Amino acid sequence: MRRRIGPWLVPAFGGLAFLFLLVPIAYVFAFSFNDAGRTNLSWRGFTLDNWRNPCGAPAVCESLANSLQISSIVTVIATILGTAIAIGLVRLRFKFNATANMLIFLPLATPEVVLGASLLAQFLNIGVDLGVGTIIIAHSMFCISFVVVAVKARVASLDPKLEEAAADLYASPIQAFWRVTFPLLLPGIVAAALLAFAMSFDDFIITNFNSGNVDTFPKFIYVAATRGIPAQANVIGSAMFIIALLIVIGGQILSNRRAKMLAAR
Amino acid sequence: MSLLTAPRSAKAKPEETRSASEIRADKRRGRVGYLLILPGFIFMLLFFVLPVFSLLATSLYTKPPGADIGQFVPALQFSNYAAVLGSYWPELVRSFAFALIATVAALAIGYPMAYLVAVRLRGRKLLQGILLVLIIAPFFTSFILRTQAWKQILADEGPVVAVLRAMALLPEDGRLTATAFAVVCGLTYNFLPFMTLPIYANLERLDTRLIEAGGDLYANSFTTFRTVTLPLSMPGVIAGTLLTFIPASGDYINAALLGNNQNTTMIGQVIDSRFFRVVDYPGASALSFVLMLAILFLVILYVRRFGTKELL
Numbered sequence: 373m374r375r376r377i378g379p380w381l382v383p384a385f386g387g388l389a390f391l392f393l394l395v396p397i398a399y400v401f402a403f404s405f406n407d408a409g410r411t412n413l414s415w416r417g418f419t420l421d422n423w424r425n426p427c428g429a430p431a432v433c434e435s436l437a438n439s440l441q442i443s444s445i446v447t448v449i450a451t452i453l454g455t456a457i458a459i460g461l462v463r464l465r466f467k468f469n470a471t472a473n474m475l476i477f478l479p480l481a482t483p484e485v486v487l488g489a490s491l492l493a494q495f496l497n498i499g500v501d502l503g504v505g506t507i508i509i510a511h512s513m514f515c516i517s518f519v520v521v522a523v524k525a526r527v528a529s530l531d532p533k534l535e536e537a538a539a540d541l542y543a544s545p546i547q548a549f550w551r552v553t554f555p556l557l558l559p560g561i562v563a564a565a566l567l568a569f570a571m572s573f574d575d576f577i578i579t580n581f582n583s584g585n586v587d588t589f590p591k592f593i594y595v596a597a598t599r600g601i602p603a604q605a606n607v608i609g610s611a612m613f614i615i616a617l618l619i620v621i622g623g624q625i626l627s628n629r630r631a632k633m634l635a636a637r
Numbered sequence: 003m004s005l006l007t008a009p010r011s012a013k014a015k016p017e018e019t020r021s022a023s024e025i026r027a028d029k030r031r032g033r034v035g036y037l038l039i040l041p042g043f044i045f046m047l048l049f050f051v052l053p054v055f056s057l058l059a060t061s062l063y064t065k066p067p068g069a070d071i072g073q074f075v076p077a078l079q080f081s082n083y084a085a086v087l088g089s090y091w092p093e094l095v096r097s098f099a100f101a102l103i104a105t106v107a108a109l110a111i112g113y114p115m116a117y118l119v120a121v122r123l124r125g126r127k128l129l130q131g132i133l134l135v136l137i138i139a140p141f142f143t144s145f146i147l148r149t150q151a152w153k154q155i156l157a158d159e160g161p162v163v164a165v166l167r168a169m170a171l172l173p174e175d176g177r178l179t180a181t182a183f184a185v186v187c188g189l190t191y192n193f194l195p196f197m198t199l200p201i202y203a204n205l206e207r208l209d210t211r212l213i214e215a216g217g218d219l220y221a222n223s224f225t226t227f228r229t230v231t232l233p234l235s236m237p238g239v240i241a242g243t244l245l246t247f248i249p250a251s252g253d254y255i256n257a258a259l260l261g262n263n264q265n266t267t268m269i270g271q272v273i274d275s276r277f278f279r280v281v282d283y284p285g286a287s288a289l290s291f292v293l294m295l296a297i298l299f300l301v302i303l304y305v306r307r308f309g310t311k312e313l314l
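Going down the list, the protein sequences come from chains H and D. Heads up: the first sequence begins at 373 in our numbering, then just goes up one per residue. Heads up: the second sequence begins at 3 in our numbering, then just goes up one per residue.
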């Protein structure tokens, strides 16, 4: 008798794919508990020391502080500019809209190394000193596109009748925006801000071109990789992972509760 | 991806049926629209469009005789392009080859993942939610830390090599790190979520009754997939392949950490080292510009060939 394997093929293969996706993350997490000493290459025994003292290795926390500062500023700039573009685009006439979409799409269709190199060429030509400021500019540039994409999806799903209803109830356009449109867009804006933060925080290539001698967290790890990454970097990487996971799960629970509340009304 | 969907067309009403106040309101909406996009577009103009022209200008600079390291003067030295292309065309071709293989591999892995979560598990909200979080989980751990983890997993004394050697799939002195295989593996891994998410977003909206209809018409599951599911999910597949191929072809973290230096060098590494080690700004700029043009050319070709109306 021929067994049917068809129904099991997709789950089995998909399961393997998830394993592939998660093994390196588990590895990073496991080696944050390694009693590693200077180079975290082989397992030397379990310890909690790295977690107790995440700033123990030289320069880890300085680079982390730089990254957190840069990513926070970038998130604010990119979210404000990008959200404004996403809302504005919907109100534009068709013809200009296509050009505007192209300008937003192009940075996403350009490899990071080209974005980094062209900004560097620009900074060299006008003689700007590389540092935190140039990193913030570079990150904001590519994060704006991501924010526009994420918020635009939300704007497109809005029912224009809602704003019209607000107008019928004598709300001014500004009131209609802040009392009706904005609250509806907020989940999309928050998701876009988180995306911008994550993209900025984890960026290496564009940063490497425009950072001068300022170290960000990814740059610190990349440089350290040649002589051995300290286990403290794994601790910080794992901690960020857990925090992000909690934010996502919390957001899910919150939006589920909101949906239930709305349904109960 | 909504980025790729056509913008909503302006009010479809014919002009003559619109009242004067409607037209006025529309105009005001338009003005507000321009005001809203203005700051962001000035930013993009200054830090994206202008730099690309700066890159083009720099790629034509020349080094005057007797100048210091890093000193160049504006010129129209088109031979810069011939020089870098002559020396680095193998790296350019290799980058595209690696990116292509990684994209195909990511599609082969990412599509079943997306299908499993979006179609097979439809209705099981909790499980779907958990698996979706797992798909984006790699974004939460540093890209470089994960790549470094791969390097250690694939290392000569690591578990994968030991198992493969024991199964005689790898010769006793065979290794995985510092090979093209490791670099392509790393690229596939790192860009897998970029492939899976757009396909998932697409399959999530797929009406499963269409699959059932395929079965009712006596198509076996493979035929149904080939003639119903796959064509309907093409926009997701195209978005996913672009989001994987483009960053993969310019990436150099994988090649730097997982490759060796002779026959895995990718174009990104060359651009980086020409900028910072050789201090040859014109050469590095020329290579960047060629990479950008080549990718745009390939993307347009690809979208023309497979694209639906929803794209670009």
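Glycine is no exception: its CB is placed at the ideal position from the N, C-alpha and C atoms. As the structure is a computational prediction, the values presented were derived from the model and not from experiment.
(request) Have a look at the DSSP bridge pairing and note the partners of T64 (chain D). (result) Along the second sequence, one-based indexing puts residue 64 (chain D) at 62. Its beta-bridge partners are D:V75.
(request) Note down, in chain order, all residues in the region 487-508 of chain H with a beta-carbon under 8 Å from any beta-carbon belonging to chain D. (result) L487, A489, S490, L491, L492, A493, Q494, L496 and N497
(request) Return the CA-CA distance between P66 (chain D) and S235 (chain D), expressed in angstroms with no decimal places. (result) Here residue 66 (chain D) is taken as the residue at index 64 of the second sequence, counted from 1. Here residue 235 (chain D) is taken as the residue at index 233 of the second sequence, counted from 1. The C-alpha of S235 (chain D) is placed about 55 Å away from the C-alpha of P66 (chain D).
(request) Check N406 (chain H) in the structure and name its three-state DSSP category. (result) Counted from its first residue, the first sequence places residue 406 (chain H) at position 34. In the structure shown, N406 (chain H) sits in a strand (DSSP, three-state: E or B).
(request) Taking all protein chains shown into account, decide if M268 (chain D) is buried (16 or more other Cβ within 10 angstroms of its Cβ) or exposed. (result) Start at 1 with the first residue of the second sequence, and residue 268 (chain D) comes out as number 266. Buried is the call here.
(message) Among the candidates H:N582, H:L626 and H:F589, whose CA atom is the shortest distance from the CA of A570 (chain H)?
(response) As a working mapping, residue 570 (chain H) is identified with position 198 in the first sequence. Nearest of H:N582, H:L626 and H:F589 to A570 (chain H), Cα basis: H:F589.
(request) Look at the alpha carbon of L298 (chain D) and the alpha carbon of Y304 (chain D), and state the distance between them as a whole number of angstroms. (result) Position 296 of the second sequence, counted from the start, is the residue given in the question as residue 298 (chain D). Position 302 of the second sequence, counted from the start, is the residue given in the question as residue 304 (chain D). Near 10 Å, if we compare the C-alpha coordinates of Y304 (chain D) and L298 (chain D).
(request) Can you give me, in chain order, the residues of the region 151-170 of chain D that have a beta carbon less than 9 Å from any beta carbon in chain H? (result) A151, W152, K153, Q154, I155, A157 and E159
(request) Pull up the distance between the alpha-carbon of S89 (chain D) and that of Y254 (chain D), whole angstroms please. (result) Taking the first residue of the second sequence as 1, we reach residue 89 (chain D) at position 87. Taking the first residue of the second sequence as 1, we reach residue 254 (chain D) at position 252. Cα-Cα distance, rounded: 18 Å.
(request) Helix, strand or coil for E312 (chain D), going by three-state DSSP, please let me know. (result) Counting from one through the second sequence, the residue named residue 312 (chain D) turns up at place 310. For E312 (chain D), the pLDDT reaches just 49, beneath the cut-off of 50, and the residue's location in the model is therefore unreliable, although a value from the coordinates is still provided. The answer is coil: DSSP assigns E312 (chain D) none of H, G, I, E or B.
(request) Identify which residue in D:A286, D:S290 and D:A296 has its Cα closest to the Cα of T64 (chain D). (result) To locate residue 64 (chain D), count along the second sequence from 1; it is residue 62. Minimum Cα distance to T64 (chain D) is reached at D:A286.
(request) Determine the chain H residues that contact T231 (chain D) at a beta-carbon separation under 9 Å, and present them in chain order. (result) Taking the first residue of the second sequence as 1, we reach residue 231 (chain D) at position 229. Neighbourhood of T231 (chain D) in chain H, by CB distance below 9 Å: empty, with the nearest CB roughly 11 Å away.
(request) Report yes if the C-beta distance between N582 (chain H) and G488 (chain H) is below 8 Å; otherwise report no. (result) Taking the first sequence and counting its residues from 1, the one referred to as residue 582 (chain H) is at position 210. Taking the first sequence and counting its residues from 1, the one referred to as residue 488 (chain H) is at position 116. Taking 8 Å as the Cβ cut-off, N582 (chain H) and G488 (chain H) qualify as a contacting pair.
(request) Check the Cβ of A99 (chain D) against every Cβ in chain H and list those closer than 9 Å, keeping chain order. (result) Along the second sequence, read from residue 1 onward, the residue named residue 99 (chain D) stands at position 97. Per Cβ cutoff of 9 Å: no residues; A99 (chain D) is ~15 Å from chain H at best.
(message) Classify Q264 (chain D): buried if its beta carbon has 16 or more other beta carbons within 10 angstroms, exposed otherwise.
(response) The sequence position of residue 264 (chain D) within the second sequence is 262, counting from 1. Counting Cβ neighbours within 10 Å, Q264 (chain D) comes out exposed, since fewer than 16 surround it.
(message) I'd like to confirm the pairing. Which residues does DSSP put opposite F291 (chain D) in its beta bridges?
(response) Stepping through the second sequence from its first residue, residue 291 (chain D) is reached at position 289. BP columns for F291 (chain D) are empty, so no partner.
(request) Would you kindly work out how many angstroms separate the C-alpha atoms of A164 (chain D) and D158 (chain D), rounded to a whole number? (result) Here residue 164 (chain D) is taken as the residue at index 162 of the second sequence, counted from 1. Here residue 158 (chain D) is taken as the residue at index 156 of the second sequence, counted from 1. In a straight line, the C-alpha of A164 (chain D) is about 8 Å away from that of D158 (chain D).
(request) Determine the burial state of L189 (chain D): buried for a count of at least 16 other Cβ atoms within 10 Å of its Cβ, exposed for fewer. (result) Start at 1 with the first residue of the second sequence, and residue 189 (chain D) comes out as number 187. Buried: at least 16 other Cβ atoms inside 10 Å.
(request) Closer than 6 Å by C-beta to L78 (chain D): which residues in its own chain qualify, once you throw out the five before and the five after it? Chain order, please. (result) Your numbering for residue 78 (chain D) matches position 76 in the second sequence. Closer than 6 Å at the Cβ level, and outside the excluded window around L78 (chain D), lie L62.
(message) Please report the straight-line C-alpha distance between V446 (chain H) and V527 (chain H), rounded to a whole angstrom.
(response) Here the question's residue 446 (chain H) lines up with position 74 in the first sequence. Here the question's residue 527 (chain H) lines up with position 155 in the first sequence. Approximately 22 Å between the Cα atoms of the pair.
(request) Hey, could you find the ends of the alpha helix (DSSP H) M513 (chain H) is sitting in? (result) The residue given as residue 513 (chain H) occupies position 141 in the first sequence. V504 to S529 is the extent of the alpha helix (DSSP H) around M513 (chain H).
(request) Answer with yes or no whether the minimum CB distance from N256 (chain D) to chain H is below 8 Å. (result) Locating residue 256 (chain D) in the second sequence gives position 254, counting from the first residue. At a cut-off of 8 Å, the C-beta of N256 (chain D) has no neighbouring C-beta in chain H.
(message) If we define contact as Cβ-Cβ less than 8 Å, is G386 (chain H) a contact residue for chain D?
(response) Reading the first sequence from its first residue, position 14 is the one you call residue 386 (chain H). So yes, G386 (chain H) belongs to the interface.
(message) For a cutoff of 8 Å on Cβ pairs, would you count G609 (chain H) as touching chain D?
(response) As a working mapping, residue 609 (chain H) is identified with position 237 in the first sequence. The beta-carbon of G609 (chain H) is placed less than 8 Å from the nearest beta-carbon of chain D.
(message) Below 9 Å on C-beta distance, what does F554 (chain H) contact in chain C?
(response) No chain C appears in this structure, whose protein chains are H and D.
(request) Could you tell me whether the region 197-207 of chain D touches the region 177-188 of chain D, where touching means 3 or more Cβ pairs closer than 8 Å? (result) no
(request) Check each candidate in H:F390, H:Q494 and H:G428 and name the one with the smallest Cα separation from V607 (chain H). (result) Taking the first sequence and counting its residues from 1, the one referred to as residue 607 (chain H) is at position 235. If we check each option's Cα against that of V607 (chain H), H:G428 comes out closest.
(message) I'd like to know if F193 (chain D) contacts chain H, where contact means its C-beta is closer than 8 Å to some C-beta of that chain.
(response) One-based indexing of the second sequence puts residue 193 (chain D) at position 191. Not closer than 8 Å to any Cβ of chain H, the Cβ of F193 (chain D) fails to qualify, so no.
(request) Using a Cβ-Cβ cut-off of 8 Å, state whether A616 (chain H) counts as contacting chain D. (result) As a working mapping, residue 616 (chain H) is identified with position 244 in the first sequence. So yes, A616 (chain H) belongs to the interface.
(request) With Y542 (chain H) as the anchor, note down where its alpha helix (DSSP H) starts and where it stops. (result) Taking the first residue of the first sequence as position 1, residue 542 (chain H) is located at position 170. Per DSSP, Y542 (chain H) is not a residue of any alpha helix (DSSP H), being assigned neither H nor E.
(request) Taking only the alpha-carbon atoms, compute the straight-line gap between Q154 (chain D) and T179 (chain D) and give it to the nearest angstrom. (result) The residue you call residue 154 (chain D) lines up with position 152 of the second sequence. The residue you call residue 179 (chain D) lines up with position 177 of the second sequence. Straight-line Cα distance between these residues: approximately 9 Å.
(request) Tell me where the alpha helix (DSSP H) around F549 (chain H) begins and ends. (result) Looking up residue 549 (chain H) in the first sequence gives position 177. Careful: F549 (chain H) lies outside any alpha helix (DSSP H) and carries neither H nor E.
(request) Report yes or no: is there a C-beta of chain D within less than 8 Å of the C-beta of Q441 (chain H)? (result) What you label residue 441 (chain H) is simply residue 69 of the first sequence in a count that begins at 1. Not a single C-beta of chain D is nearer than 8 Å to the C-beta of Q441 (chain H).
(message) Which residues in chain H have a C-beta closer than 7 Å to the C-beta of P41 (chain D)? List them in chain order.
(response) Sequence index remark: in the second sequence, residue 41 (chain D) carries index 39 (1-based). For P41 (chain D), the chain H residues whose Cβ falls inside 7 Å of its Cβ are L453 and A456, in order along the chain.
(request) Decide yes or no for the touch test of the region 516-531 of chain H against the region 589-601 of chain H: beta carbon pairs closer than 8 Å, at least 3 of them. (result) no
(message) Give me the DSSP bridge partner(s) of F418 (chain H).
(response) Against the first sequence, residue 418 (chain H) aligns to sequence position 46. H:N406, per the DSSP bridge assignment.
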